[in-house]
Amino acid sequence: MYNRFRVMLGTACFTPSLSRAYCPLFALFLRIPSVHHPHHPSSSPFRGYHSSLQVKGTRDRRRILVDQNRHLCTIPEAAKQPPASTSENLSRKARKKAIQQSPESMLKQKLDMCSRNGNVLEALRLYDEAKRNGLQLSQYHYNVLLYVCSLTDGETESPSANPGLSRGFDIFKQMIVDKVVPNEATFTNGARLAVAKDDPEMAFDMVKQMKAFGIQPRLRSYGPALFGFCRKGDAEKAYEVDAHMIESEVVPEEPELTALLKVSMDTKNADKVYETLQRLRDLVRQVSKPTFDAIEEWFESEAAAKAGAEKWDVKKIRDGVVSGGGGWHGQGWLGTGKWNVTRTEMDENGVCRCCKEKLVCIDINPVETENFAASLTRLACQKEVKASFNQFQEWLERHGPFDAVIDGANMGLVNQRSFSFFQLNNVVQRFQQISPSKRLPLVILHKSRVVGGPATYPKNRALLEKWKNAGALYATPPGSNDDWYWLYAAVSCKCLLVTNDEMRDHLFQLLGTSFFPRWKEKHQVRISVSREDGLKLHMPPPYSIIIQESEEGRWHVPMSVEDDLQTSRQWLCARRSKTH
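In our numbering, the protein residues as written are 1095 to 1674.
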């Protein structure tokens, strides 16, 4: 059936703003009449709210679609709001229960269960039953169905053994016929279906089609096409998808970059391998074991031995290092001949135990720090009560700057079953001792930690009063997330941040992968507590744990670890015996 679909790819498309051959999948769907909704074969189901409107740009198109979506297939009004005669007699709880028990809501719950369990057959049965009963499916219903249909792998299962793939395209067509406006999830699931049919070209067309609806693609939107082309070894098409991502300001992550790295290795494209390594350095910094193994494989390859310049401009290389902030030059492969590749470690000063080269500590631009503090303030005011956070900023202006900021809750719980003021005080005293000004560090604690419970014990109360009187304690208000407070204080004071928090959850993901990891590496102090060593401080390393490229063309690649206090970090050292 799918092959017949591909043969029947037509010249019509469902948005007049695009070329007729732009999106073959939708052209296909619109050329096949629907059994449930008869219409003229040449007319687009979207024409009623597309072609009759003069759309000037993406913003106008998005506004039109949003307005029209109110009149399209969503949860029926009867399910949203009971008739006036009965709604007056129903309590709010009863009305809510009525909505939850509506056929549309029940279908949603059952489809969600199919999604969690990957139950394709049950999802299709529910879909068929809903269509027989004349139930109107919403955008959400269709998206879940498309997702479930795309879960199986078309490369390993025949269409007969995988009904989800063959039915998935029918469901997509029916969604369009029903005039349910697609969103990013719709196109992404459609792209997954296409790749499951081993058609990354169609998956890429799906992403391109998003612009016609004013939809911004996400990273997951590009995955099916990018990984599909890479699996097929089609490097040029993979680079085309990558270029489209860059144009759409979508930032790739390690899986996407690793796929590009491997397809470049397979095609012996040394320049692209070099470019991808630089992107891994900039965006990922420390690579996972699969990427680490792939990079090792490249340096051991014959293609890597052949790539490189015999002579180069030393001044140009040094200028590149300075302009880049250190740790790389970006001028291409240096040297010729086979690479010596070794897995090794760094000593505490950042000296490679293999080649004895000392890694550099990459500078942070002061302007970047100021910009980061400003963006942090904006995010915090969006997530926190703005008045409360502004009050903290004013307090910090009066009492700061500090040499260190302590995440009090975290420090009081390290290796403890319950919060320990005694341990927190030990950390505070240690940082006061090493402080150039001998000033107390700033302790950030949630208000619940400073009132009631252990805080009422005489010794703890005296300790809190001491810090408060010295202007070294700030209690964050009820309902707040103290992470925003201690992070902002450390960034704005340009000082050390004392916490064992790995800072990997959603809050810190909002801060991006460009500046924050660099700042964290140079400012975070962690502690360990044991009977043998007592309280031990782990200061920021004197070198940057990031892929580094030296002026002589050597490479050092760090592998990521869950906790480098517990596990020694492996590095890949790649150097040539023959240099400039």
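Note that beta-carbon positions come from the ideal geometry of N, C-alpha and C, so glycine has one too.
Considering only residues of the same chain and omitting the five flanking positions on each side of Thr1593, which have a CB-CB separation below 6 Å?
Within the same chain, Thr1593 has close Cβ partners Asp1501, Asn1504.
Please identify the residue among Gly1421, Leu1558, His1493 whose C-alpha is closest to the C-alpha of Thr1587.
A quick correction: the sequence has Cys, not Thr, at residue 1587. Closest by alpha carbon: His1493.
Only counting the same chain, and skipping five residues up and downstream in sequence, which positions put a Cβ closer than 7 Å to that of Gly1565?
Counting only Cβ-Cβ distances below 7 Å, and skipping sequence neighbours, we find His1493.
Distance, Cα to Cα, Met1300 vs Ser1608?
Whole-angstrom Cα-Cα distance: 29 Å.
Just to check my reading of the structure: Ala1297 and Ala1279 have Cβ atoms closer than 8 Å, yes? What is that Cβ distance to the nearest angstrom?
Going by Cβ atoms, the distance from Ala1297 to Ala1279 rounds to 14 Å, so no, they are not a contact pair.
Excluding sequence positions up to five away, which residues of its chain have a Cβ less than 7 Å from the Cβ of Asn1509?
So the qualifying residues of the chain are Val1623.
Find the nearest neighbour of Asn1554 within the set Arg1312, Phe1515, Phe1525, Arg1472, judged by alpha-carbon distance.
Ranking Arg1312, Phe1515, Phe1525, Arg1472 by Cα distance to Asn1554 puts Phe1515 first.
Between which two residues does the alpha helix (DSSP H) holding Lys1202 run?
Here the alpha helix (DSSP H) through Lys1202 covers 1197 to 1211.
From Glu1334 to Lys1562, what distance separates their C-alpha atoms?
Straight-line Cα distance between these residues: approximately 59 Å.
Please tell me whether Ala1498 and Cys1589 are closer than 7 Å, where the distance is taken between their beta carbons.
Contact flag set, yes.
Given a threshold of 16 other Cβ atoms within 10 Å of its Cβ, counted over all protein chains shown, does Ser1542 qualify as buried or as exposed?
It counts as exposed.
Which of the three DSSP states is assigned to Ser1191 in this structure?
Before going on, a small fix: residue 1191 reads as Lys here, not Ser. Lys1191: helix per DSSP, three-state reduction.
Assuming Val1238 and Leu1205 are in contact, meaning their beta carbons sit under 8 Å apart, how far apart are those beta carbons, in whole angstroms?
The pair is a contact, with the Cβ atoms about 4 Å apart (cut-off 8 Å).
Taking Met1653 and Gln1664 to be in contact with their CB atoms under 8 Å, please state how far apart those CB atoms are, rounded to whole angstroms.
That belief holds up - the Cβ atoms of Met1653 and Gln1664 are roughly 5 Å apart, short of 8 Å.
Near Gly1506, which residues of its chain fall below 7 Å by C-beta distance, leaving aside the five closest residues on each side in sequence?
Result list for Gly1506: Phe1513, Ser1514, Phe1515, Gln1517, Leu1518, in chain order.
Between the C-alpha atoms of Ala1353 and Thr1436, what's the straight-line distance to the nearest angstrom?
Rounded to whole angstroms, Ala1353 to Thr1436 spans 23 Å at the Cα level.
Mapping the DSSP letters down to three states, classify Leu1218 as helix, strand or coil.
If DSSP states are grouped into helix, strand and coil, Leu1218 belongs with the helices.
Could you say which of Lys1560, Lys1630, Tyr1579, Asp1292 lies nearest to Val1521 if we only look at CA atoms?
Taking only the C-alpha atoms, the option nearest Val1521 is Lys1630.
According to DSSP, is Gly1717 helix, strand or coil?
Absent from the model: residue 1717. The displayed extent of the chain is 1095 to 1674, so no value can be given.
What span of residues does the beta strand (DSSP E) with Pro1652 cover, start to end?
Its beta strand (DSSP E) spans residues 1649 to 1652.
Check Leu1590 in the structure and name its three-state DSSP category.
Of the three classes helix, strand and coil, the one that applies to Leu1590 here is strand, per DSSP.
DSSP puts Ala1668 in a beta bridge; with which residues?
DSSP output for Ala1668 lists Val1435, Trp1649 as bridge partner(s).
So which of Val1378, Leu1371, Met1359 has the shortest CA-CA distance to Glu1391?
That would be Met1359, whose Cα lies nearest to the Cα of Glu1391.
What are the residues that DSSP puts in a beta bridge with Val1537?
According to DSSP, which records beta bridges pairwise, Val1537 is partnered with Ile1500, Leu1567.
Pull up the distance between the alpha-carbon of His1133 and that of Gln1233, whole angstroms please.
Only weak support is given to the placement of His1133: the predicted model assigns it a pLDDT of 37, under 50, and the question is left unresolved by the model.
For a quick check, are the C-beta atoms of Asp1577 and Thr1570 less than 7 Å apart?
No; because the gap between Cβ atoms is not below 7 Å, this pair is not in contact.
Quick one: what does DSSP say Glu1394 is sitting in, helix, strand or coil?
Coil, per DSSP.
Would a C-beta distance cut-off of 7 Å place Cys1324 and Ala1337 closer than the cut-off?
In this structure, Ala1337 does not lie closer than 7 Å to Cys1324 by Cβ.
If the criterion is Cβ atoms closer than 7 Å, does the pair Tyr1579 and Phe1496 meet it?
Not a contact, by the Cβ cut-off of 7 Å.
Express the C-alpha separation of Tyr1582 and Leu1605 in angstroms, rounding to a whole number.
Answer to the nearest angstrom: the Cα atoms are 12 Å apart.
For Pro1643, which three-state DSSP category applies?
Note on identity: in this sequence residue 1643 is Glu, with Pro being the wrong assignment. If DSSP states are grouped into helix, strand and coil, Glu1643 belongs with the strands.
What does the Cβ neighbour count give for Tyr1551, buried or exposed, with the cut at 16 atoms within 10 Å?
Its Cβ having fewer than 16 others within 10 Å, Tyr1551 is exposed.
Quick check on the DSSP output: the alpha helix (DSSP H) that includes Asn1484 runs from which residue to which?
That run of the alpha helix (DSSP H) goes 1480 to 1493.
Less than 7 Å between the C-beta atoms of Val1619 and Met1633, yes or no?
Yes, they are a contact pair.
For the candidate residues Met1304, Glu1394, Ser1574, whose alpha-carbon lies nearest to that of Asn1277?
The option with the nearest alpha carbon to Asn1277 is Met1304.
Around the Cβ of Asn1211, are there at least 16 other Cβ atoms within 10 angstroms (buried) or fewer (exposed)?
Asn1211 should be labelled exposed.
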